[in-house]
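Following our numbering, the numbering of the sequence shown begins with 1 at its first residue and continues without gaps.
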Amino acid sequence: MSRFPYIRKRISLFLLALAVTFLCTAGAELEIHFLDVGQGDSTLLICEGEAMLIDGGLSSASRFVFSYLKEHVDELIYVVATHPDTDHIGGLSAAFNAVPVEILYTPVLEYDSKAFRSLMTYAGGQGTLVDVPFEGDTFMLGSAMVTVLHCWPEAWSSNDMSIVLRVDHGANSFIFTGDAERMSEYMMVDSGLPLAADVLKVGHHGSRYSSTQEFIDAVNPRYAVISCGQNNGYGHPHEDTLNKLTNAVILRTDMHGTIIMRSDGTDIKIVAPVLDPSAVTGFIGNRSSMKFHYPICEAVKDIELRNTIAFDTEAEALAAGYEPCGLCHP
Ligand SMILES: [Zn+2]
Ligand SMILES: [Zn+2]
1 MSRFPYIRKR
11 ISLFLLALAV
21 TFLCTAGAEL
31 EIHFLDVGQG
41 DSTLLICEGE
51 AMLIDGGLSS
61 ASRFVFSYLK
71 EHVDELIYVV
81 ATHPDTDHIG
91 GLSAAFNAVP
101 VEILYTPVLE
111 YDSKAFRSLM
121 TYAGGQGTLV
131 DVPFEGDTFM
141 LGSAMVTVLH
151 CWPEAWSSND
161 MSIVLRVDHG
171 ANSFIFTGDA
181 ERMSEYMMVD
191 SGLPLAADVL
201 KVGHHGSRYS
211 STQEFIDAVN
221 PRYAVISCGQ
231 NNGYGHPHED
241 TLNKLTNAVI
251 LRTDMHGTII
261 MRSDGTDIKI
271 VAPVLDPSAV
281 TGFIGNRSSM
291 KFHYPICEAV
301 KDIELRNTIA
311 FDTEAEALAA
321 GYEPCGLCHP
């Protein structure tokens with residue numbers, strides 16, 4: 001039997017739910033913290049007092065994850081263990097130690113590793129509901145709508161088991177990929193589920209085994225976030241991946257530390273990293289007005305990201321036909 005009617009039904013349900021979220025988002029904020037857990041992944045989302053943690057980094061990140069959660073939330077409605085690899089679930093036991101957890105989503109209920117058994121023990125101890133989600137499932141985090149884009153328990157590689165989530169908050173959208181690799185990306189492109197998004201948490205720490213051109217084209221993000229450790233032994237992020245993300249502003253936990261974004265349903269603001277103006281060099285051009293500015297100029301924050309161009313020197317900007325801004329006089 002063809003899957004098509006089922007997919008069509010899922011997509012219309014998605015659109016209906018999206019319309020409802022859109023109406024409910026006014027004034028509400030969604031905050032997303034891409035935690036700097038070294039080589040690993042951990043993202044905290046908070047919307048109207050409700051919190052979700054996607055992954056928890058290596059067990060060596062436990063102390064950091066514990067104190068970060070203590071500082072920011074009283075409980076977690078959802079913990080998502082994208083897949084059973086230790087760089088994603090090693091630090092999740094610390095999350096259970098820090099705060100109560102209502103629901104744990106995982107692609108599998110059994111996995112032969114110490115970290116996974118420990119996670120299940122903690123979940124059992126708290127009476128947390130443990131569930132394997134289905135592709136197309138949706139649930140709410142405050143006024144943000146979360147859609148499961150992928151979950152593949154039968155995958156032969158743990159990375160491809162990854163639960164991939166889409167979060168819609170008003171007009172802003174985010175995709176969190178876990179370590180989903182090529183085959184999963186092809187399946188998502190094929191699924192017909194909506195992939196275009198403002199922010200992409202780049203798959204598998206920027207590895208070349210993820211981020212197929214087809215998937216990147218379908219998402220076409222304005223911001224690409226890469227979570228990886230400084231000088232990690234895997235060479236993450238790989239050059240090939242960075243080259244496919246030239247349309248996006250790339251933010252990296254190995255370079256920027258913990259990255260915080262805030263969505264009001266219309267705009268996305270980067271709250272951290274806060275760039276130290278005295279440390280910022282070079283000039284920023286606006287492709288549409290053909291003016292160039294000091295990076296600290298007030299006008300810079302209003303430039304559409306797609307229209308932003310960087311120059312190392314004033315001479316370079318002038319040679320490219322750009323005029324100095326009348327406000328900051330570079
Ligand atoms: Zn990983
Ligand atoms: Zn992995």
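Beta carbons: idealized from backbone N, C-alpha and C, even for Gly.
Item                                                                                                                                                                      : Value
Using only the alpha-carbon positions, how far apart do A315 and G321 sit?                                                                                                : 10 Å
Using the Cβ count rule (16 or more neighbours within 10 Å means buried), how would you classify N159?                                                                    : buried
Drop a sphere of 10 angstroms on the beta-carbon of G326, count the other beta-carbons inside from all chains shown, and report buried for 16 or more, exposed for fewer. : exposed
Taking the CB atoms as reference points, tell me whether A317 and G285 lie closer together than 7 Å.                                                                      : yes
Note down the Cα distance separating I175 from F292, rounded to an integer number of angstroms.                                                                           : 32 Å
Just the C-alpha distance for H83 and G282, rounded to the nearest angstrom, thanks.                                                                                      : 41 Å
Go ahead and pull the three-state DSSP assignment for G285.                                                                                                               : strand
For D343, verify whether its CB is less than 6 Å away from any heavy atom of ligand 2.                                                                                    : As shown, the chain starts at 1 and ends at 330. That puts residue 343 outside it, with no answer to give.
Is L305 helix, strand or coil by DSSP?                                                                                                                                    : helix
Closest to R306 by C-alpha separation, out of Y223, G206, Q213, would be which residue?                                                                                   : Y223
Tell whether a beta-carbon distance below 7 Å holds between G142 and E50.                                                                                                 : yes
In the DSSP assignment, what are the bridge partners of R262?                                                                                                             : E31, K269
For the beta strand (DSSP E) containing H150, list its first residue and its last residue.                                                                                : 144-150
Does the beta-carbon of D331, which I'm using as the reference point, lie nearer than 6 Å to any heavy atom of ligand 1?                                                  : Lying outside 1 to 330, the shown extent of the chain, residue 331 is not represented and no answer is given.
Do you know how far the Cα of A196 is from the Cα of L69?                                                                                                                 : 30 Å
Thinking just about the alpha-carbon of each residue, which of N97, A94, T128, L149 is nearest to the one in V219?                                                        : L149
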